[in-house]
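J.:
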Amino acid sequence: MSKQLPLALAKSLALSEDLDQLQFHHLLENISQDPQLKQFAPDGVCQIDPRNGNLVIYNSARAKRVHTTAQPTAVKEDEHCPICEGKSADILDITEHSEGFTFINKNLYPIFHPIEDIPLENADYFLHQDPEHQGRASYGFHLLQWTSSLHDKDWHNLPFSDALISFQRLANLEKNLLCQPTDFMARSETKVNQDVVSGYVSIIKNFGATAGASLVHGHQQIAYSNILPQHFFNNLRFRKRHNKSFSRYMLEENPSELLVKDYGELQLIVPYFMKRPLDMLLIVKDSDKRYLHQLNSIEQQQLVEGMQQAIQAILHLMEQMGIPPAYNMIINNGPGCGLYLEFLPKTQMMGGYEQIGLFVCQANAADSAELLRQHICLPKDK
Numbered sequence: 016m017s018k019q020l021p022l023a024l025a026k027s028l029a030l031s032e033d034l035d036q037l038q039f040h041h042l043l044e045n046i047s048q049d050p051q052l053k054q055f056a057p058d059g060v061c062q063i064d065p066r067n068g069n070l071v072i073y074n075s076a077r078a079k080r081v082h083t084t085a086q087p088t089a090v091k092e093d094e095h096c097p098i099c100e101g102k103s104a105d106i107l108d109i110t111e112h113s114e115g116f117t118f119i120n121k122n123l124y125p126i127f128h129p130i131e132d133i134p135l136e137n138a139d140y141f142l143h144q145d146p147e148h149q150g151r152a153s154y155g156f157h158l159l160q161w162t163s164s165l166h167d168k169d170w171h172n173l174p175f176s177d178a179l180i181s182f183q184r185l186a187n188l189e190k191n192l193l194c195q196p197t198d199f200m201a202r203s204e205t206k207v208n209q210d211v212v213s214g215y216v217s218i219i220k221n222f223g224a225t226a227g228a229s230l231v232h233g234h235q236q237i238a239y240s241n242i243l244p245q246h247f248f249n250n251l252r253f254r255k256r257h258n259k260s261f262s263r264y265m266l267e268e269n270p271s272e273l274l275v276k277d278y279g280e281l282q283l284i285v286p287y288f289m290k291r292p293l294d295m296l297l298i299v300k301d302s303d304k305r306y307l308h309q310l311n312s313i314e315q316q317q318l319v320e321g322m323q324q325a326i327q328a329i330l331h332l333m334e335q336m337g338i339p340p341a342y343n344m345i346i347n348n349g350p351g352c353g354l355y356l357e358f359l360p361k362t363q364m365m366g367g368y369e370q371i372g373l374f375v376c377q378a379n380a381a382d383s384a385e386l387l388r389q390h391i392c393l394p395k396d397k
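Everything in the sequence shown is counted per the working numbering, starting at 16 for the first residue and increasing by one.
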């Protein structure tokens, strides 16, 4: 039997088994007072690179975490998985699968944490004035969603129905954070489905050591913060500059031969500006939708199908290339955004030219699209 976190143990660690039943002010108080989180709390300061707007947040305590200081493991799998052993922070949400369950908990090593003195910030305030270069206050939450309690299960090998459940809980978390009723964060002047939105929810996935994953057990990271990452701010600037979202632009302008698969309400494409072999975008065609929780049931199902197939293709093709499978997944949501997912396989190392914005790619977009179509669209042997 594969390693897994037992349900009974998970429930014993649960502050809540249903996030909908956990009032936000109770969650805020719990995270603020958690002694484990305080031990590894970030410095609470954000600096901005004036050349390109990149944000830098500081967490000196994070260098002390076990996965930073331990010797790298020589094997693919962790001999002892702290998640399966229940060595984690409080659990906030548990939803059962056909086998096992998905759950959400606090990150013991947060990049954002509540602060005592909340600054007065204007709604929709993206450019921070800091003439003395003291830095901007950065605060919020840092949570984790574990795709499955089963150690060897993740998006690529979960049954579709279970993957859909995991996605729906992730979308629900996004909504609970953005639409929370307190003044913890400045509120946007723009409403989503008549709901007031405050703060920003950034969702990413690191899979594989070269993509920054410190644990093998499959998970997503969710940051709820007062600052908008530059990548998402670029989406907003694109909309203002072109009077359309980046996702709409790509649906209209990306060459047809770079289409990997059309799911109906979503498209999986290789971008014409592909920086690394097998880079993909999974785009929601309704570019008025900015968040996961806005998707209807058909869009949810097609997004999960596309996500599973994209990840399966990345892992399979990287193994064929003789490269350890690794990728980052970024969920592009938020202001000015048409919702899309970005898949960034670690098929090449980053060098000095890439650091100055000149990417040297060892494949072309058309060949990558053809490889991906062959894997995703051709019938599989039973």
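The beta-carbon is built from N, C-alpha and C at its ideal position, and this holds for glycine as well.
Which class does Glu147 belong to by DSSP, given the choice of helix, strand or coil?
T.: Sequence index remark: in the sequence shown, residue 147 carries index 132 (1-based). Coil at Glu147, not helix or strand.
J.: Would you kindly check if the distance between the Cβ of Ile237 and the Cβ of Phe218 is under 8 Å?
T.: Position 203 of the sequence shown, counted from the start, is the residue given in the question as residue 218. Position 222 of the sequence shown, counted from the start, is the residue given in the question as residue 237. First, the amino acid is wrong: residue 218 is Ile here, not Phe. Yes. Within cutoff.
J.: Helix, strand or coil: how does DSSP classify Leu24 here?
T.: Within the sequence shown, numbered from 1, the residue matching residue 24 stands at position 9. Reduced to three states, the DSSP call for Leu24 is helix.
J.: Counting C-beta neighbours from all protein chains within 10 Å, is the total for Val285 16 or more, i.e. buried, or is it exposed?
T.: Position 270 of the sequence shown holds residue 285. So Val285 counts as buried.
J.: So Gln327 is in the alpha helix (DSSP H); what residue range does that whole segment cover?
T.: For the purposes of this step, residue 327 is taken as the residue at position 312 of the sequence shown. Where Gln327 is concerned, the enclosing alpha helix (DSSP H) stretches over 312–335.
J.: Taking the C-alpha atoms as reference points, what is the distance between Thr197 and Leu52?
T.: Residue 197 sits at position 182 when you count from the first residue of the sequence shown. Residue 52 sits at position 37 when you count from the first residue of the sequence shown. So the two alpha carbons sit approximately 22 Å from each other.
J.: Any contact between the stretch 377–386 and the stretch 271–291? By contact I mean 3 or more CB pairs, one from each, below 8 Å.
T.: Contact holds: three or more Cβ-Cβ distances are below 8 Å.
J.: What does a CB cutoff of less than 6 Å around Ala226 pick up in its chain, not counting 5 residues either side in sequence?
T.: Taking the sequence shown and counting its residues from 1, one reaches residue 226 at position 211. So the list reads Ala341, Tyr342, Asn343, Lys361, once near-sequence residues are dropped.
J.: Tell me the residue span of the alpha helix (DSSP H) that contains Tyr368.
T.: For this step, residue 368 is matched to residue 353 along the sequence shown. Segment 367–370, the alpha helix (DSSP H) holding Tyr368.
J.: Once the 5 residues before and after Lys300 are set aside, which same chain residues still bring their CB inside 8 Å of it?
T.: By one-based count along the sequence shown, residue 300 stands at place 285. Closer than 8 Å at the Cβ level, and outside the excluded window around Lys300, lie Leu266, Glu280, Leu281, Gln282.
J.: Under a three-way DSSP split, which group does Gln160 fall into?
T.: For this step, residue 160 is matched to residue 145 along the sequence shown. Gln160: strand per DSSP, three-state reduction.
J.: Is Tyr368 buried or exposed, if buried means 16 or more other CB atoms sit within 10 Å of its CB?
T.: Locating residue 368 in the sequence shown gives position 353, where the first residue counts as 1. Flag for Tyr368 reads exposed.
J.: Out of Leu192, Asn122, Asn208, Leu185, point me to the one whose CA is closest to Leu230's CA.
T.: To locate residue 230, count along the sequence shown from 1; it is residue 215. With distances taken between Cα atoms, Leu230 lies closest to Asn122.
J.: Taking the beta strand (DSSP E) that Tyr264 falls in, what are its first and last residues?
T.: The count along the sequence shown starts at 1 and reaches residue 264 at position 249. Premise fails: Tyr264 lies in the alpha helix (DSSP H), 261–268, not in any beta strand (DSSP E).
J.: First and last residue of the beta strand (DSSP E) that includes His112?
T.: Stepping through the sequence shown from its first residue, residue 112 is reached at position 97. Counting along the chain, His112 falls outside any beta strand (DSSP E), and DSSP gives it neither H nor E.
J.: Touching or not, the stretch 39–48 and the stretch 188–202, by the rule of three or more beta carbon pairs under 8 Å?
T.: Counting Cβ pairs under 8 Å, three or more are found: they touch.
J.: Using three-state DSSP, classify Arg254 as helix, strand or coil.
T.: By 1-based counting over the sequence shown, the position of residue 254 is 239. Looking at Arg254 - three-state DSSP - the assignment turns out to be helix.
J.: The beta strand (DSSP E) with Ala384 in it runs from where to where?
T.: Locating residue 384 in the sequence shown gives position 369, where the first residue counts as 1. From DSSP, Ala384 is part of no beta strand (DSSP E) but of the alpha helix (DSSP H) over 380–392.
J.: Mark His257 as exposed unless 16 or more other C-beta atoms lie within 10 angstroms of its C-beta, in which case mark it buried.
T.: Residue 257 sits at position 242 when you count from the first residue of the sequence shown. Flag for His257 reads exposed.
J.: Based on DSSP bridge pairs, tell me the residues matched to Cys61.
T.: Here the question's residue 61 lines up with position 46 in the sequence shown. Its beta-bridge partners are Ile72, Arg151.
J.: Under a Cβ-count criterion, where at least 16 other Cβ atoms within 10 Å of its own Cβ denotes burial, should Phe222 be classed as buried or exposed?
T.: Along the sequence shown, one-based indexing puts residue 222 at 207. Looking at its Cβ environment, which holds 16 or more other Cβ atoms inside 10 Å, Phe222 is buried.
J.: Do Ala25 and Ile119 have their CB atoms nearer than 8 Å?
T.: Taking the first residue of the sequence shown as 1, we reach residue 25 at position 10. Taking the first residue of the sequence shown as 1, we reach residue 119 at position 104. The answer is no: Cβ separation not under 8 Å.
J.: Hey, does Met333 have any beta-carbon neighbour from chain B nearer than 8 Å?
T.: In summary, chain B is missing from the structure at hand, where a single protein chain is found.
J.: To the nearest angstrom, how far is it from the Cα of Met364 to the Cα of His246?
T.: Translated into the one-based positions of the sequence shown, residue 364 becomes position 349. Translated into the one-based positions of the sequence shown, residue 246 becomes position 231. Roughly 20 Å separates the two Cα atoms.
J.: Do Gly233 and Thr117 have their CB atoms nearer than 8 Å?
T.: The sequence position of residue 233 within the sequence shown is 218, counting from 1. The sequence position of residue 117 within the sequence shown is 102, counting from 1. No, the pair does not count as a contact, with Cβ atoms beyond the cut-off.
J.: With 16 other CB atoms within 10 Å as the buried threshold, where does Phe182 fall?
T.: Residue 182 sits at position 167 when you count from the first residue of the sequence shown. Result: buried.
J.: Using 10 angstroms around the beta-carbon of Glu272, count the other beta-carbons present and answer buried if the total reaches 16, otherwise exposed.
T.: Within the sequence shown, residue 272 is the residue found at index 257, counting from 1. Exposed is the call here.
J.: Measure how close the beta-carbons of Asn45 and Leu34 come, nearest whole angstrom, since I'm counting them as under 8 Å.
T.: By one-based count along the sequence shown, residue 45 stands at place 30. By one-based count along the sequence shown, residue 34 stands at place 19. That pair is no contact at about 13 Å.
J.: In this structure, how does DSSP classify Lys53 when only helix, strand and coil are distinguished?
T.: Here residue 53 refers to the residue found at position 38 when the sequence shown is read from its first residue. Reduced to three states, the DSSP call for Lys53 is helix.
J.: Just to confirm before moving on: does the CB-CB distance between Leu165 and Glu111 stay below 8 Å?
T.: The count along the sequence shown starts at 1 and reaches residue 165 at position 150. The count along the sequence shown starts at 1 and reaches residue 111 at position 96. Cβ distance not < 8 Å, so Leu165 and Glu111 don't count as in contact.
J.: Can you tell which of Asn69, Cys96, Phe55 has the C-alpha that lies nearest to the C-alpha of Ala76?
T.: Counted from its first residue, the sequence shown places residue 76 at position 61. Cα-wise, what sits closest to Ala76 is Phe55.
J.: Using DSSP's beta-bridge definition, name the partner residues of Asn343.
T.: As a first step, residue 343 must be located in the sequence shown, where it is residue number 328. DSSP, once it has assigned bridges, lists Asn221, Leu359 as partnering Asn343.
J.: State the beta-bridge partners of Leu281 as determined by DSSP.
T.: Residue 281 sits at position 266 when you count from the first residue of the sequence shown. Paired residues: Val299.
J.: Helix, strand or coil, according to DSSP, for Arg444 in the structure here?
T.: Since the first and last residues shown for the chain are 16 and 397, residue 444 lies out of range.
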